[in-house]
Each structure stands twice: as structure tokens, then as C-alpha cells.
Amino acid sequence: MEDISNEYKSKEGSMEERMSVLNAARRGGLTHIYDMPPPGKEDVMFDLLDIEKVQIGKPFQVIVKVENKSDETRTVTSVLSASSVHYTGIIARKVKRARGVFTLKPRQKEELGIEVTFDDYFDKLVDYAMLKIYAISTVKETQQTWAEEDDFQVEKPPLKIEIEGSLKVYRRLNVKVSFTNPLNRKLEDCAITIEGPGLAEPHRLHLKDVEPHGVMTHIETLVPRKVGPRKITAIFTSRQLIEVLGTKQIMIED
């Protein structure tokens, strides 16, 4: 795979703007104005690999597969980028961008990629921790242009909830809530909220800091007041990591 992270950078926006105009022309049926090849004669194939999910704290790669299907050399300019987005789809902050120019020999296949690290994206995440990756390329010899994008969410680990004790009405039971800090940073200002209709009113408790990759464990004693199916919900939050959720269904007997 060819890593274009450290390739040269031209004037801000110049190449992106040109390629965006060419792609808009492609979509609008105005290829004749820009002397662009019709889709049937495009001879370089591009494919942006989808990212299904990324666990928070882990890096990810933006990868584009490229194949020159012609019998001639092709010069390709590509821009790969990642940005955080709001739930509405509006771009929030740019996370990383790289631009590169490379040559494909006849019938050559290649992969382009950049790695986005946890430190690259973490401080730029916004609501719902959504990211958008975007790839855009143009072929010098034919003016062929291509663009593709993909959205995905950075996922948080769930809280683990375990029950210790009798599942009977008016009998004490212990609820053990735990999770491993996925970050290489200490979690500060930690708190947990636990609730369960018929088990406990919602209440919030402050916890000690959780070390990088350390384990948080909290045990809560509850006394069921009602018989039947019950749901326990726990939400952990901190300055660095918010709304880590866990749920547990239990059956309380008479």
C-alpha cells in the first residue's frame, strides 16, 4: 500500500476545488464543457473501502484500491481525508488530510492509504462520535475524476453488569458494574448513574479517576420492591469519555 500521508501539499484547496468542480460536472452531465471522457471510457477504477466500525482508542486506515485497466501509463492525483461530523451530517472539524501524485503502469493495481490515529481524531469528536472519510481523485491524461465518501461511528465499550445474590423481592442483591478504559489517557471527573424501575430510583455517584487502560469497578446494593421483569441501566461518564452505557434484564421472583 502506498502511504500518501507525507506527500507534498499544494496551495490550500486548489486541487480539491478543481476536482470538486470536475465531479460536479460529471454528475450534472456537463462533461463536454470540461473535455472529460464519458463514463464508458474511464479506464482507472477506484474503490474506497468501507469502514464498518472503529473502537474508540484504536487507529483506522482510509484505503482506496486503484486499478489501471488501460495499456498506457496513468498519472493520478488523490486526496484522502477524515473529518468529524454532527448527526446532521455537517462537517465539524477536519481530522486529517493527505494529498499525493503517483504513476500507474499499464494494468497496475495499487492501494493508497493514510492511517488516522486515536490522537488525531479524539479531541475533534463531536456529538455521537461520527466520522466521515472522503476520497477524491483525478487522472491527468484523461481528466477522469472520481469521488466517494463513507460515514461511520466511533464506538465506546459497553458497561458490563453482573448480578450477585438472590433475585427475590425485598431481598438484597449486588449489582457489579465494570469496564476497561479503552483510552491511553486517564479518565477524570468520573461518575456513574444507576437506575431500575422497581429496583432503585435514578441516582448519581462520583467515582475515582480511572488510569489509562485501567479497570473501573463499582458495586451497588439494591432491594427489589416489585415482582416481574426488571431492567437495570447504568451510565458512566467522565471528562474524557461520556455516556458509556450498560443494561441488564433480570426477573424478580416472589
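Going letter by letter, the sequence shown gives residues 1 to 254 in the UniProt record's numbering.
For every residue, glycine included, the Cβ atom is placed at its ideal position computed from N, Cα and C.
State the Cα-Cα distance for the pair residue i and residue j, rounded to the nearest angstrom.
i: E253; j: I163; result: 14 Å
i: L49; j: I56; result: 19 Å
i: M130; j: H86; result: 7 Å
i: I90; j: F152; result: 14 Å
i: A234; j: T180; result: 15 Å
i: P229; j: V177; result: 19 Å
i: L80; j: R97; result: 6 Å
i: K65; j: A135; result: 11 Å
i: E52; j: K124; result: 20 Å
i: K168; j: D120; result: 49 Å
i: M251; j: L245; result: 21 Å
i: residue 268; j: E220; result: The question about residue 268 has no answer here: the residues shown for the chain are numbered 1 through 254.
i: L199; j: V175; result: 11 Å
i: S137; j: L222; result: 59 Å
i: I146; j: F46; result: In the sequence under discussion, the amino acid at residue 146 is Trp, which differs from the Ile named in the question. Going by the C-alpha atoms only, they are around 7 Å apart.
i: E195; j: R172; result: 15 Å
i: V95; j: L159; result: 28 Å
i: A92; j: Y170; result: 50 Å
i: S84; j: V154; result: 10 Å
i: A107; j: R99; result: Looking at the sequence shown, residue 107 is not Ala but Arg. Going by the C-alpha atoms only, they are around 23 Å apart.
i: E141; j: D71; result: 13 Å
Short of 8 Å in beta carbon distance, which residues of its chain neighbour residue i, apart from the five on each side in sequence? Order them along the chain.
i: E188; result: D209, S238, R239 and Q240
i: C190; result: H206, L207, K208, D209, V210, M216, F236, T237 and S238
i: R204; result: A191, I192 and T193
i: H213; result: T180, N181, P182, L183 and N184
i: K105; result: N68 and T73
Can you list, in chain order, the residues of its chain with a C-beta nearer than 6 Å to that of residue i? Leave out the 5 residues immediately preceding and following it.
i: K248; result: I161 and I232
i: I133; result: V62, A82 and D150
i: E42; result: Q144
i: V54; result: F60 and V154
i: Y8; result: Because Y8 sits at a pLDDT of 37, beneath the cut-off of 50, its placement in the model cannot be relied upon, and the following sentence gives the value as read from the coordinates. Cβ neighbours of Y8 beyond the five flanking positions: none.
i: K156; result: I56 and V244
Could you please give the first and the last residue of the uninterrupted beta strand (DSSP E) stretch that includes residue i?
i: L164; result: As written in the sequence, residue 164 is Glu, which differs from the Leu given in the question. Residues K160 to G165.
i: I242; result: From DSSP, I242 is part of no beta strand (DSSP E); its letter is neither H nor E.
i: L205; result: A200 to H206
i: N181; result: Segment: none, N181 is in no beta strand (DSSP E) and carries neither H nor E.
i: P229; result: G228 to T237
i: D254; result: First-last for D254: undefined, no H or E at that position.
Near residue i, which residues of its chain fall below 7 Å by C-beta distance, leaving aside the five closest residues on each side in sequence?
i: E243; result: I235 and T237
i: V126; result: S84, H86 and A92
The region 107-118 in contact with the region 61-68 per 3-pair CB rule at 8 Å = Enough Cβ pairs lie closer than 8 Å, so yes.
inquiry  = In chain order, what are the residue ranges of uninterrupted alpha helix (DSSP H) at least 4 long that sit wholly in the UniProt domain "Transglutaminase C-terminal" (52-145)?
reply    = Contiguous alpha helix (DSSP H) elements confined to the UniProt domain "Transglutaminase C-terminal" (52-145) occur at 118-121, taking only those with 4 or more residues.
ask   = Can we say the region 71-81 touches the region 103-114, given the rule of at least three CB pairs closer than 8 Å?
value = In this structure the region 71-81 touches the region 103-114; the number of beta carbon pairs closer than 8 Å is three or more.
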